[in-house]
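Visitor: Protein chains in written order, with the working numbering: chain A, 11 to 290; chain B, 3 to 421. Let me give you the structure first, and then I'll get to my questions.
Next up, the structure:
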């Protein structure tokens with residue numbers, strides 16, 4: 011018969027306990043996460059006529075804005091021979107993958123507080139569900155590229171197929187930051203507001219709608235900005251510029267994976283304390 | 003310390019010296035929360051089972067013990083009634099037992115599958131149909147899809163919602179949601195069941211169905227039952243844990259005594275007067291008989307099967323020509339238990355015009371009352387003769403504390419000759 015011990019524990023004991031717990035519940039977690047994922051996907055656009063088309067509209071609209079500004083000479087971006095629509099579209103898809111994952115996952119606990127304070131279930135399932143939803147929202151729009159790309163790209167090459175990998179790393183990077191911030195963001199609303207503010211700046215200081223800056227403050231900022239290599243490398247794969255910043259990309263991907271494991275563990279330990287502060 | 007019986011294989015719940023702190027101030031509570039999380043994650047720290055049993059953390063500023071020093075054991079087939087006033091710590095204890103929040107002191111050992119019915123229908127997505135939500139709700143409770151596939155018909159049949167099962171849950175009434183939630187949860191076959199007032203909702207027919215379904219679970223598992231309805235507690239429970247301000251004030255197998263203690267914790271209730279107030283009541287005397295009646299107190303202690311004697315002064319205004327009087331005895335659940343009337347099964351009629359006086363004294367002598375133990379409240383009521391108008395209703399004019407012999411869920415214990 012399964013035995014549960016409930017007692018106050020800190021430090022190494024709570025870490026061990028959490029890891030044991032996650033391993034024991036792995037299959038149940040997976041099933042629950044799948045269930046909740048299906049539930050949310052079904053419910054997401056049920057009260058809507060256009061339905062899943064809404065997944066595709068935002069990146070298209072966002073791209074059109076920049077293409078319009080560029081075509082009217084309001085802004086002038088030198089992409090070095092690459093057609094601007096393709097450039098902006100890929101940049102946008104990548105940025106949105108990161109941005110949307112980060113902002114939506116930051117609310118994971120607060121959205122489910124009613125559930126968390128009533129039912130005991132493996133909490134990591136919430137993360138899996140959120141990650142799944144973010145993945146769908148970020149990966150599905152990639153099909154836009156299939157009809158669009160042939161108009162703008164002259165030759166096709168094998169590295170193009172690496173592009174979805176770039177999107178996945180973007181999602182994981184956003185998720186890692188979100189999960190790391192989740193405990194504190196659940197307690198204090200300042201965090202989500204602050205993150206949203208930073209992301210607004212982030213869009214403009216990251217080479218999303220313009221190429222890597224060559225000099226000046228813009229170059230410095232884009233160099234220290236961790237999103238830069240992730241975005242630039244992935245885009246270069248697709249648009250055939252040859253891999254730019256490949257090494258930082260690989261390094262960041264590895265760090266992301268390690269940090270993600272750490273973040274999930276921290277989240278697992280933190281949730282009971284969050285429930286206590288939210289529902290008492 | 004160390005007084006557990008870990009080898010007793012039937013002990014499913016073993017709670018030892020459990021305590022939980024809460025914080026009154028939100029800002030501070032959030033700050034403590036952040037600190038606690040950092041503490042819990044610091045790999046250099048090592049506190050846990052071994053020393054937390056003996057070490058009691060200090061209260062930080064603005065903190066208080068929401069529950070303190072709670073210990074009890076529960077075996078298979080036993081049911082403990084967790085009773086106490088609002089804010090006594092019942093729900094907090096249930097959340098700790100369910101593993102939702104961590105205790106600050108003590109130690110809990112739970113054996114077997116735990117099912118907590120704290121709020122039915124938590125996790126329903128309003129926009130999805132009842133059928134879809136059955137699966138979601140089941141997954142949250144840890145029931146696998148295969149299990150639900152097998153039991154789907156049973157669940158739908160139990161909820162009696164077969165016509166509405168493909169309708170979005172947002173169009174369900176609150177009672178229908180509870181039906182669906184309970185129908186899913188009852189499929190769990192738990193070893194340990196935690197129930198928090200969930201049966202208070204839903205119509206009578208469904209409540210009966212739930213109680214019957216629970217009876218099956220009760221014999222096979224250890225149950226913790228939180229309720230404010232003492233008849234239900236008396237009917238279901240084999241033990242009582244009475245809580246007051248986070249502490250256990252009674253813990254034992256004498257259900258009657260536990261419930262009596264709970265009742266005696268309740269205040270007498272304020273006297274309340276309503277109606278047109280053309281008539282006024284004043285209590286002159288109250289007691290168990292004419293001889294022992296005294297004017298000192300409106301709170302009477304009586305034994306089971308003792309009589310009642312009450313003297314009331316009644317003052318009526320000039321408008322009132324005649325009136326009908328009766329006395330009602332209410333129990334703690336605000337249900338009328340006894341109506342004291344006169345021999346012709348009507349309220350006593352007084353004709354003020356005929357007697358020529360607007361002030362009379364009513365002397366009510368009541369034969370032995372077979373009330374079950376507990377607390378009761380008397381209301382004196384004056385209406386017009388045709389009962390179309392209430393002149394005065396004086397609630398809590400006298401309160402009764404009945405010392406019981408035994409406790410069942412019934413309000414009245416009627417001895418009879420059985421041949």
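All C-beta atoms, glycine included, are put in the ideal place defined by N, C-alpha and C. None of these values were measured; they are calculated from a predicted model.
#1: By the criterion of Cβ-Cβ separation under 9 Å, what are the contact partners of residue 137 of chain B in chain E?
#2: Return the Cβ separation of residue 269 of chain A and residue 192 of chain A in integer angstroms, given the expectation that the two are a contact with Cβ distance under 8 Å.
#3: With a CB to CB cut of under 8 Å and the five nearest residues on each side skipped, what residues in its chain are close to residue 313 of chain B?
#4: Given a cut-off of 8 Å on the beta-carbon distance, is the pair residue 16 of chain B and residue 110 of chain B in contact?
#5: Please give the ranges of any alpha helix (DSSP H) in the stretch 160-209 of chain A, keeping only runs that are unbroken, at least 4 residues long and fully inside the region.
#6: Can you give me the C-alpha to C-alpha distance between residue 75 of chain A and residue 67 of chain A, rounded to a whole angstrom?
#7: Just the C-alpha distance for residue 55 of chain B and residue 23 of chain A, rounded to the nearest angstrom, thanks.
#8: Which residues mark the beginning and the end of the alpha helix (DSSP H) in which residue 19 of chain B is found?
#9: Do residue 306 of chain B and residue 405 of chain B have their beta-carbon atoms positioned less than 8 Å apart in this structure?
#10: Relative to the alpha-carbon of residue 2 of chain B, which residue among B:252, B:297, B:199 and B:191 has its alpha-carbon at the smallest distance?
#11: Let me know if residue 37 of chain A comes out buried or exposed under the rule of 16 or more other beta-carbons within 10 Å of its beta-carbon.
#12: Which one or two residues does DSSP pair with residue 396 of chain B in a beta bridge?
#13: Quick one: is residue 57 of chain A near chain B, going by C-beta distance under 8 Å?
#14: Would you decide whether residue 4 of chain B is buried or exposed? Buried here means 16 or more other CB atoms lie within 10 Å of its CB.
#15: Quick one: what's got a C-beta closer than 8 Å to residue 319 of chain B's C-beta in the same chain, skipping five residues either side?
#16: Run through chain A and tell me which residues come within less than 7 Å of residue 30 of chain B, C-beta to C-beta.
#17: Report the residue from A:198, A:52, A:226 and A:194 whose alpha carbon sits nearest the alpha carbon of residue 134 of chain B.
#18: At a cut of 8 Å, does the stretch 91-101 of chain A reach the stretch 236-250 of chain A through at least three beta carbon pairs?
#19: If I measure Cβ to Cβ from residue 233 of chain B and keep anything under 6 Å in the same chain, skipping five residues before and after, which residues do I get?
#20: Could one say the Cβ of residue 98 of chain B lies closer than 8 Å to chain A's Cβ atoms, at least one of them?
#21: Cα-Cα, which of B:347, B:224 and B:167 is closest to residue 117 of chain B?
#22: When the Cα of residue 169 of chain A is compared with those of A:21, A:14, A:283 and A:246, which residue comes out closest?
#23: Comparing the C-beta of residue 283 of chain A with each C-beta of chain B, is any distance below 8 Å?
#24: From the beta carbon of residue 461 of chain B, is the nearest beta carbon of chain A less than 8 Å away?
#25: Is the beta carbon of residue 113 of chain B within less than 7 Å of some heavy atom of the ligand GTP?
#26: Is residue 192 of chain B close to chain A? Criterion is C-beta to C-beta, closer than 8 Å.
#27: Does residue 139 of chain A come within less than 8 Å of chain B when only Cβ atoms are used?
#28: Residue 52 of chain A versus chain B: which residues are under 8 Å apart at the beta carbon?
#29: Would you kindly report the start and end of the unbroken beta strand (DSSP E) that includes residue 113 of chain B?
#30: Is any beta-carbon of chain B found at less than 8 Å from that of residue 127 of chain A?
#31: On the CB-based measure, 16 or more other CB atoms within 10 Å of its CB, does residue 51 of chain B come out buried or exposed?
#32: Starting from residue 198 of chain B, follow its DSSP beta bridges and name the residues at the other end.
#33: Run through the DSSP bridge pairs and tell me what residue 311 of chain B is partnered with.
#34: Just to confirm, is the Cβ distance from residue 20 of chain B to residue 239 of chain B under 8 Å?
#35: Relative to the C-alpha of residue 146 of chain A, which residue among A:272, A:244 and A:54 is closest?
#36: Is it the case that the stretch 160-174 of chain B contacts the stretch 127-146 of chain B, given that we only count it when at least three CB pairs across the two stretches are under 8 Å?
Guide: Working from what's here:
#1: Reference to chain E is not applicable here, since the protein chains of this structure are A and B.
#2: With a Cβ gap of about 13 Å, residue 269 of chain A and residue 192 of chain A do not count as contacting.
#3: Excluding positions up to five away in sequence, the list reads 285, 286, 287, 288, 295, 363, 364, 365 and 366.
#4: Cβ atoms of residue 16 of chain B and residue 110 of chain B: closer than 8 Å.
#5: Segments of the alpha helix (DSSP H) lying fully in the stretch 160-209 of chain A: 173-197.
#6: One C-alpha to the other measures close to 12 Å.
#7: Summary for residue 55 of chain B: the model assigns pLDDT 49, below 50, so the residue's position carries little reliability; its value from the coordinates is reported in the next sentence. Their backbone Cα atoms lie some 15 Å apart in a straight line.
#8: No alpha helix (DSSP H) contains residue 19 of chain B, which is instead part of the beta strand (DSSP E) from 13-25.
#9: Note that the C-beta distance between residue 405 of chain B and residue 306 of chain B is below 8 Å.
#10: Since the first residue of chain B shown is 3 and the last is 421, residue 2 of chain B is not available in this structure.
#11: With fewer than 16 other Cβ atoms from the protein chains shown falling within 10 Å of its own Cβ, residue 37 of chain A counts as exposed.
#12: In the DSSP output, where bridge partners are listed per residue, residue 396 of chain B has B:275 and B:382.
#13: Taking Cβ atoms only, chain B reaches closer than 8 Å to residue 57 of chain A, which makes this a yes.
#14: Low confidence applies to residue 4 of chain B: its pLDDT is 41, below 50, so where it sits in the model is not reliable, and the reading given next is rough at best. Residue burial is scored here from C-beta neighbours: residue 4 of chain B has fewer than 16 other C-beta atoms within 10 angstroms and is therefore classed as exposed.
#15: 280, 281 and 360, listed in sequence order.
#16: Ordered by position in chain A, no residue passes the 7 Å Cβ test against residue 30 of chain B, which lies about 10 Å from the chain.
#17: Among A:198, A:52, A:226 and A:194, the Cα nearest to that of residue 134 of chain B belongs to A:52.
#18: Contact between the stretch 91-101 of chain A and the stretch 236-250 of chain A is present, with at least three C-beta pairs closer than 8 Å.
#19: So the list reads 411, once near-sequence residues are dropped.
#20: At a cut-off of 8 Å, the C-beta of residue 98 of chain B has a neighbouring C-beta in chain A.
#21: Nearest Cα to residue 117 of chain B within the set B:347, B:224 and B:167: B:224.
#22: When only C-alpha atoms are compared, the closest one is A:246.
#23: Residue 283 of chain A counts as touching chain B.
#24: Residue 461 of chain B cannot be examined here, being either before or after the span of chain B that is shown, 3 to 421.
#25: Absent from the structure shown: the ligand GTP. Ligands present: none.
#26: By this cut-off, residue 192 of chain B is not an interface position.
#27: For residue 139 of chain A, the nearest beta carbon of chain B is not closer than 8 Å to its own beta carbon.
#28: Neighbours of residue 52 of chain A in chain B, taken as residues at a C-beta separation under 8 Å, are given in chain order as 130 and 134.
#29: Per DSSP, residue 113 of chain B belongs to the beta strand (DSSP E) from 107-113.
#30: Yes - at least one Cβ of chain B is within 8 Å of the one on residue 127 of chain A.
#31: Residue confidence for residue 51 of chain B is low, a pLDDT of 48 falling below 50, so the modelled location carries little weight and cannot support an answer.
#32: Its beta-bridge partners are B:228.
#33: Residue 311 of chain B has B:289 and B:367 as its beta-bridge partners, per DSSP.
#34: Their beta carbons are not under 8 Å apart, which means residue 20 of chain B does not touch residue 239 of chain B by this criterion.
#35: Taking the Cα of residue 146 of chain A as reference, the smallest distance to any Cα among A:272, A:244 and A:54 is reached at A:54.
#36: Between the stretch 127-146 of chain B and the stretch 160-174 of chain B, the count of C-beta pairs closer than 8 Å reaches three or more; the two stretches touch.
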